[in-house]
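**Student:** Sharing a structure, written as C-alpha cells. Questions coming.
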Amino acid sequence: MKSEIRDWKYLSPVKIRSNILFKNTCYDISDKCLFASSPYGGPVAIAVPDTSFWSVMIKTSSGKKLSTFKAHNVHSMYWTRCHRLVIVNIRGRVLVYTPLGKLKYQFIIDEEITVTETRIYHGGVGNTGLAVLSENNRIYAVNSVMEAIPWRIPDVAKASHPSAWNVLTSVQVTILFVIGNAFYAGMQGIAPHLLDLSWKFDHGEYINIVPNWDSSRMTLLHSSFVVQIIDSDFSLLSTLSLLTAGDSIVTSSLTWCGSEVLALKRARQSLYLISLCSETHVYDFENYVEIDMELDGIKVFTTNEVVLLSQVPDAVGDVLGVASAEPGAILYEASEKLIEGTYGVYEYINMIEDQMEKAVQQCLLAAAHQFDTIWQKKMLRAASLGKSLLRRQDASQFVDICRVIRVLNFLRKPYIGMALSFAQSEELKMSAVVDRLTDLGQWPLALTISKYMKVPSKNGIYRVLAHWALKKVEMAKAAKEVGKMPDFKALSETIVSKFTNYPEVSFADVAMKAAGANLNELAELLLDRETCLNRQVEMLMKLNKTDRALAKAAKSQQPDLLHYVLTYLKRTQKKEVIDHLVLKLPQVLCLYQDYLKEEAPRHLLALYMQKDDFARQSLYYLKESESTPWNPFDNKDKVEGLLKAEMSLNKLREHTTAQLAAETAELFSICETLDKKPDFNDVDRTSVRCVYMWAVGHREDNLAELLRKKFKLTEKAWYMWKIESYARNKLWHHLESLFRSKKVLASHMPFIEACASYGNESLCRSFIGKLTNPIDVVESLLLLEKPIEAANYAAEKKLFIVLEKIHARYRGNKEVVPVIAQILDSTRKMMEEASLNMLLKPESTTISRIRERRRERILRNSDQRIRSILGGLDGAELRNAPALEGGECFRNLVSPSETSIRIGYAIGSFLFDDREYYLALDHSLHLSSLHAAVGYFLHPRLHLGLNLLSYAGAVVQNIWCFIKESLMVALSFILFNALFCAFALIVDKCCLL
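Note that this note's numbering has the sequence shown beginning at 34, numbered continuously upward.
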C-alpha cells in the first residue's frame, strides 16, 4: 500500500488521494453479474446467474472466499451497515444472510408485487431500511430489514412511473420521487405532498437521485447531463455540467466521493470525478470497474485489486502538504533532518516551540490516516520527537493512537481482509469491529483485540465467547444430523475450559441453544456449571426436568423462584404429577398448599390426608365448619365438620382441643332446637355464655341448668352471666333478689356495673349505699357518670389521689372540669392548713426528745466555719453543710430568737419521719410567702434549697466515714502483707544457712 504526495489530485476545494488496499483479489466481476460491497471495509458479494438460480459468492475485500450459496429470482443485493447481506427477490421476498452464508431472517414485502427498482437506506439509529418500487408504480418500505414492518406510500398517479426516486434519512424517513417535472415527498402515515421548488428544470426529466453518506446532501441528475446539489431542506447549493464527460457515462453509477466530489463510471474501465467547483479528473483501470460509497470516499473494485479514493484528511494535508506552514509539517521536517543528520533541526524546533503540542497532535493523526507503514513510522517518529520536547507530557493519546494503528494494520492483512481507514474505525467503534470479526469466525483475533483495546467485557470477551460456544453447538448439531454422534462430555469440557476465567458468561444461554438444537445431553452438562440459579431453573423446566428444577428452587430460599416453578407446573402438569413432586419437598408443599387453599380446597384436604397431616386436617375442618352458614333446618355439615376435627385432634393427641370441638358440636345441636324461640336469631351459637344468658333472660331455667351441667360451668362464671342477663333483660327484681341471696361474689361491684350499664340508677344507688370502701363508692359514681358527686365524696373522705385522677379523667370535659378543679384546690388548701396545725402542735414524746438530743449532738460536732456561714446575717453564700439537721443556726435563719415556732425540730427529724419533713418544708415555703415583709427569713435563697442542703450534708458525711474506714482497712492489709513477706524472707535465709 502506498500513499505519496504525487498521487494526490487537486479537485478544488479538496484533494483526492488513491490507496491500493489489496492486490490479486481475483474477483469474477462483469456487467452480467450483481455486485455489492459491505461498508467499513467489509466483504463483497457477487451473484452470477445460472439457468434456474443465482450462485452467490461472498469474499473478503482481499479476495478470500467465505461462503457460497444459491438464491432464486434475485433482483438486487445490498449490504447493511451491521454486516448482513440483503437479497431482494423479484416477487418481493427479502432474505438476510450472514457473511458466512447463513440465512438469518426473511420476510415478504407484499404477496402480489413484482419488484422493478430497489433502494437501500440507513436510519439514524443504526437500522438499515429497504424501499422497493413495484410494477404497478407503488413504493413500499421497511425501516429495518432485521425487524420488518412494511408500509406503503399512498398513490399519487397510478399510471405514472417515477423517473427518479430515493430515500432520505437526515431527519425523518422521507421518500423523494419525481413524476414528470413534479417533486413529491412522502413519509410513513402521511400522504405525499407536492414540493414547490423554484430551481427545478421544466424541460426534460430527472433520471437519478443520490444522497450522500449521511443524507445531508443530495445530487439530482437531469437528462440534460446537468447535476444539481441540494441540501436536506431542498435548497439548491450548486449546479454542475457533465457534458465534458462524454456520452459513455453510466448515469446509474452516480455516487458521492466524500462530501465535495461526485463520481461516475465512464465506459467499463474508467472513473470520472467532478468536484463542486466543476474541476474534474479521470481514473483509468485495466479491467471492469465496480464502485461503492464509503464514509470517506469510494472503493473501486477491479478484477485484480481494490482501490480507495478518498479525500485527503486535514491532518495529512497539514503535515505533508506542499509548502505547508503548519507546526506539524515543520516538526515532520525537523524529524527527517534529524534522521538524515543535516543541520537546521534546532531552527525548525525553535520555530514551533510554542505550538509543539499542536504539532505532535497533527503528526499523530496524520500517521493514523496513513495506510503505508513506512509513512506511519515517519510521522510517529516526528510525534515522538515533539513529545519529548514538551514540558508537560501526556502519553495517553500517543499510546491510544499507536494501539489503533497496530490493530488497523493487522486487519489490513490479506488473510483478514478488512481494510478499514482510521476515519471509518472512529465511526464504527472497536466493539463493532470485534462483532464483525466474530461474524467472520475470527475468534482468536476478536478475543485478542478485545483485550488489547480494553473493550468492555460485555461487548467484547463475553460476547465473543458466547458466539464461539454457539458455533460449537451448531457444529455438533450438524454432525448429529449426518449420523455422527458428537462427544458431548468432551465438548462441554471444552466450553467450560474457555468460560472458567470469565464467570459472568452464562452457561444457560449456551444450554438454551443446545436444547433448541435437540442436544439435551449437552444442555444438562452445561447447566450443571451455571452459577445463576434463576437461569438454571428456567432452563431445567424447558428441558422438562421439572423434578430437578423444583428441588433447586426449594434449596434456593427464593420465594419468587419457587412461585415461578409452581406456576409453570400448574400450567403444564397434571395434579397427580404435582402432588407426587411436592410431597418430597416440605417447603414446596407448604407453598403449594397455600395455592390450593383458594383454588381447590378439596384437593388440599386430599393432600393433607395423603400425608397424614392431622394438624392441617383439623384446621381445614374447623375452617370449613366456620364458613358454613347456619341453616335453621339442617346443620349436619356444620356439626360433622366439628366432629371430624375432633377425630383429627385426637389422632394428634390434642385431647383438650378435641374436647372443645366436641363441646362446640354439642352446643350446635342444642341451638338447633332453639331456632324457633323468640329473640334467638341474634344469639351467638358458638358461645356458651351467650346461650346461657339468653336462657336466663327468657326464664329457660331447665336449659340454663342443662348448659351449666353439660359444659361444667364454674359457680362464679354462671353467677356473673346471670347478673348481666338479668340486667340486660330488665329483670330488676330478680337481680335484687339475687343480690340478697347467698353471696357467691365478695364484691357488690358486678351488680353496680350491670345496673349502671343498663340504666337503672335508683337500684344502682341502693347497691352503692351498701358499699363500705370509699374508693368503690367513687368508682360506682363514676360508672353512673356523676363526676362532680364523686369528686365531692372523694374530697369529703380526703382521697386526694383519687380526686386528682378524677380531674385527669375529665380534663377534656369543659363543663365538668372547672368544678372538679375548684374542689381539688379547696381540698389542697385544707390539707395544707391541717399540716401547719400539726407542725405548730408541741411535741413532747420520748421520740421527740431523742431527736432533740441527737440534733444538739450533731450541732456541737459541726464545723464552726460552716455554722458561721449558714448562721451569718451578712448575706454570705450558702453552701452544703454535712449533717446539719437542725440547731441554733437553722433556728436563727427561720426566725429571730424571740419566735416561738419550732420549725427546727421538724427539719432535724426528717431522717426519722419523711412525712413530717415534707410538711415542715411546705410550711416553711408557706411562711416565706406570708411573712417575708416582717423579716422572718433573712436569706431568701435558703427556703428554695433547704432540702438539697440537708440531704447533701448527710450524704457527704456518710461518704467521708466510708472512705476513712476503707483506707484504714486497705492500709492494714498492705502492712500485714509487708510483714508477712519480710518474715518469710527471714525464714528462707535461715533455712539456707
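Using N, Cα and C, we set each Cβ at its ideal position, and we do this for glycine too.
1) Looking only at its own chain, which residues have a Cβ that is under 8 Å from the Cβ of arginine 718, when we skip the five neighbours before and after it?
2) By Cβ distance, which residues of its chain are closer than 6 Å to glutamine 620, with the 5 residues on each side in sequence left out?
3) Contact defined as beta carbons within less than 8 Å: I believe leucine 566 pairs with alanine 544. What is the distance between those atoms, to the nearest angstrom?
4) Quick one: which unbroken beta strand (DSSP E) runs of 3-plus residues sit fully inside the stretch 468–504? Chain order, please.
5) Count the other C-beta atoms from every protein chain shown that fall within 10 angstroms of the C-beta of glutamate 757, then say buried if there are 16 or more, exposed otherwise.
6) What's the C-alpha gap between proline 244 and glutamine 475?
7) Are the Cβ atoms of valine 127 and valine 121 separated by less than 7 Å?
8) Between the alpha carbons of leucine 118 and methionine 90, how many angstroms are there, rounded?
9) Does the stretch 782–793 come within contact of the stretch 755–773, defined as at least 3 CB pairs closer than 8 Å?
10) Starting from cysteine 1027, follow its DSSP beta bridges and name the residues at the other end.
11) Identify every run of the alpha helix (DSSP H) within the stretch 771–858, keeping only runs that are complete inside it and at least 4 residues long; order them along the chain.
12) Using beta carbons (cut-off 7 Å, strictly below), is isoleucine 91 in contact with chain B?
13) Quick check: the stretch 318–332 against the stretch 261–271, are there 3 or more CB pairs under 8 Å?
14) What does DSSP give as the partner residue(s) for phenylalanine 216 in the beta ladder?
15) Taking the alpha-carbon positions, what's the glutamate 386 to serine 308 distance?
16) Does DSSP classify threonine 605 as helix, strand or coil?
17) For the alpha helix (DSSP H) that contains valine 432, what are its first and last residues?
18) Please report how far the alpha carbon of serine 85 lies from the alpha carbon of arginine 469, in whole angstroms.
19) What's the gap between the Cα of glutamate 180 and the Cα of valine 598?
20) Rounded C-beta distance between valine 352 and alanine 362? I'm assuming under 8 Å.
21) Short check: CB of phenylalanine 55 to CB of serine 95, under 7 Å?
22) Can you list, in chain order, the residues of its chain whose CB lies under 7 Å from that of histidine 781, leaving out five sequence neighbours each side?
23) Which one or two residues does DSSP pair with histidine 314 in a beta bridge?
24) If you compare alpha carbons, which of Ser196, Val206, Lys578 and Ala541 is closest to alanine 174?
25) Give me the residue from Gly222, Ser193 and His226 with the minimum Cα distance to leucine 209.
26) Report the CB separation of alanine 296 from isoleucine 331 in whole angstroms; it is logged as a contact under 8 Å.
27) So alanine 69 and tyrosine 111 are in contact, right, with Cβ under 8 Å, and what is the actual spacing, rounded?
28) Is it the case that the stretch 58–65 contacts the stretch 413–433, given that we only count it when at least three CB pairs across the two stretches are under 8 Å?
29) Look at glutamate 150 and leucine 163 and say whether their C-beta atoms are less than 7 Å apart.
30) For isoleucine 187 and threonine 93, what's the separation of their Cα atoms in angstroms?
31) Is it buried or exposed for isoleucine 834, if we count other Cβ within 10 angstroms and need 16 for buried?
32) Tell me which same chain residues have a C-beta within less than 6 Å of the C-beta of aspartate 858, skipping the five on either side of it?
33) Could you spell out where the beta strand (DSSP E) holding proline 244 opens and where it closes?
34) Can you tell me whether alanine 939 is buried or exposed? The criterion is at least 16 other CB atoms within 10 Å of its CB, across all chains shown.
35) How about the stretch 372–386 and the stretch 329–349: do they share at least three Cβ pairs that are nearer than 8 Å?
36) Going by alpha carbons, who is nearest to serine 303 out of Val315, Leu707 and Met508?
**Tutor:** Straight from the coordinates:
1) For the purposes of this step, residue 718 is taken as residue 685 along the sequence shown, with counting starting at 1. Trp663, Leu700, Phe701, Cys704 and Val724, listed in sequence order.
2) Within the sequence shown, the letter at position 587 stands for residue 620. Here the set comprises Ala587.
3) Within the sequence shown, the letter at position 533 stands for residue 566. Within the sequence shown, the letter at position 511 stands for residue 544. Rounded, the Cβ-Cβ distance is 14 Å, inconsistent with contact.
4) none
5) As a working mapping, residue 757 is identified with position 724 in the sequence shown. Label assigned to glutamate 757: buried.
6) Residue mapping note: residue 244 aligns to position 211 of the sequence shown, counting from 1. Residue mapping note: residue 475 aligns to position 442 of the sequence shown, counting from 1. Rounded to the nearest angstrom, the two C-alpha atoms are 34 Å apart.
7) For the purposes of this step, residue 127 is taken as residue 94 along the sequence shown, with counting starting at 1. For the purposes of this step, residue 121 is taken as residue 88 along the sequence shown, with counting starting at 1. Their beta carbons are under 7 Å apart, which means valine 127 touches valine 121 by this criterion.
8) As a position in the sequence shown, residue 118 is number 85, starting the count at 1. As a position in the sequence shown, residue 90 is number 57, starting the count at 1. Cα to Cα, the separation comes out at about 11 Å.
9) yes
10) The chain is shown from 34 up to 1026; residue 1027 falls before or after that span and cannot be answered.
11) 782–790, 794–801, 807–816, 820–829 and 833–842
12) Given the protein chain composition of this structure (a single chain), no chain B is represented.
13) no
14) Your numbering for residue 216 matches position 183 in the sequence shown. The partner list for phenylalanine 216 (beta bridge, DSSP) reads Val211 and Leu228.
15) Counted from its first residue, the sequence shown places residue 386 at position 353. Counted from its first residue, the sequence shown places residue 308 at position 275. Between glutamate 386 and serine 308, the C-alpha separation is close to 38 Å.
16) For the purposes of this step, residue 605 is taken as the residue at position 572 of the sequence shown. Helix at threonine 605.
17) The residue you call residue 432 lines up with position 399 of the sequence shown. From DSSP, the alpha helix (DSSP H) with valine 432 extends over 429–444.
18) To locate residue 85, count along the sequence shown from 1; it is residue 52. To locate residue 469, count along the sequence shown from 1; it is residue 436. The alpha-carbon atoms of serine 85 and arginine 469 are separated by roughly 32 Å.
19) As a first step, residue 180 is located in the sequence shown; it is residue number 147 there, counting from the start. As a first step, residue 598 is located in the sequence shown; it is residue number 565 there, counting from the start. Cα to Cα, the separation comes out at about 32 Å.
20) For the purposes of this step, residue 352 is taken as the residue at position 319 of the sequence shown. For the purposes of this step, residue 362 is taken as the residue at position 329 of the sequence shown. So it is a contact: roughly 5 Å between Cβ atoms.
21) Locating residue 55 in the sequence shown gives position 22, where the first residue counts as 1. Locating residue 95 in the sequence shown gives position 62, where the first residue counts as 1. Yes, these two residues count as a Cβ contact at 7 Å.
22) Indexing the sequence shown from 1 puts residue 781 at position 748. Excluding sequence neighbours, histidine 781 sits near Phe800, Lys803 and Leu804.
23) As a first step, residue 314 must be located in the sequence shown, where it is residue number 281. According to DSSP, histidine 314 bridges with Leu306.
24) Reading the sequence shown from its first residue, position 141 is the one you call residue 174. Ranking the options by Cα distance to alanine 174, first place goes to Val206.
25) If you number the sequence shown from 1, residue 209 lands on position 176. When each option's Cα is compared against that of leucine 209, the closest is His226.
26) Translated into the one-based positions of the sequence shown, residue 296 becomes position 263. Translated into the one-based positions of the sequence shown, residue 331 becomes position 298. Contact holds; Cβ gap of about 5 Å.
27) Here residue 69 refers to the residue found at position 36 when the sequence shown is read from its first residue. Here residue 111 refers to the residue found at position 78 when the sequence shown is read from its first residue. About 6 Å; that satisfies the 8 Å criterion.
28) no
29) Counted from its first residue, the sequence shown places residue 150 at position 117. Counted from its first residue, the sequence shown places residue 163 at position 130. In this structure, leucine 163 does not lie closer than 7 Å to glutamate 150 by Cβ.
30) On the sequence shown, residue 187 is found 154 positions in, with the first residue counted as 1. On the sequence shown, residue 93 is found 60 positions in, with the first residue counted as 1. For clarity, residue 187 is proline in the given sequence; the question names isoleucine instead. Roughly 41 Å between the two C-alpha positions.
31) Position 801 of the sequence shown holds residue 834. Under this definition isoleucine 834 is an exposed residue.
32) Along the sequence shown, one-based indexing puts residue 858 at 825. Cβ neighbours of aspartate 858 beyond the five flanking positions: none.
33) Taking the sequence shown and counting its residues from 1, the one referred to as residue 244 is at position 211. 239–244 is the span of the beta strand (DSSP E), which, as asked, contains proline 244.
34) In the sequence shown, counting from the first residue as 1, residue 939 sits at position 906. Confidence at alanine 939 is low in this model, with a pLDDT of 36, below 50, so its placement is unreliable and no value can be given for it.
35) no
36) Against the sequence shown, residue 303 aligns to sequence position 270. Checking every option, the nearest Cα to that of serine 303 belongs to Val315.
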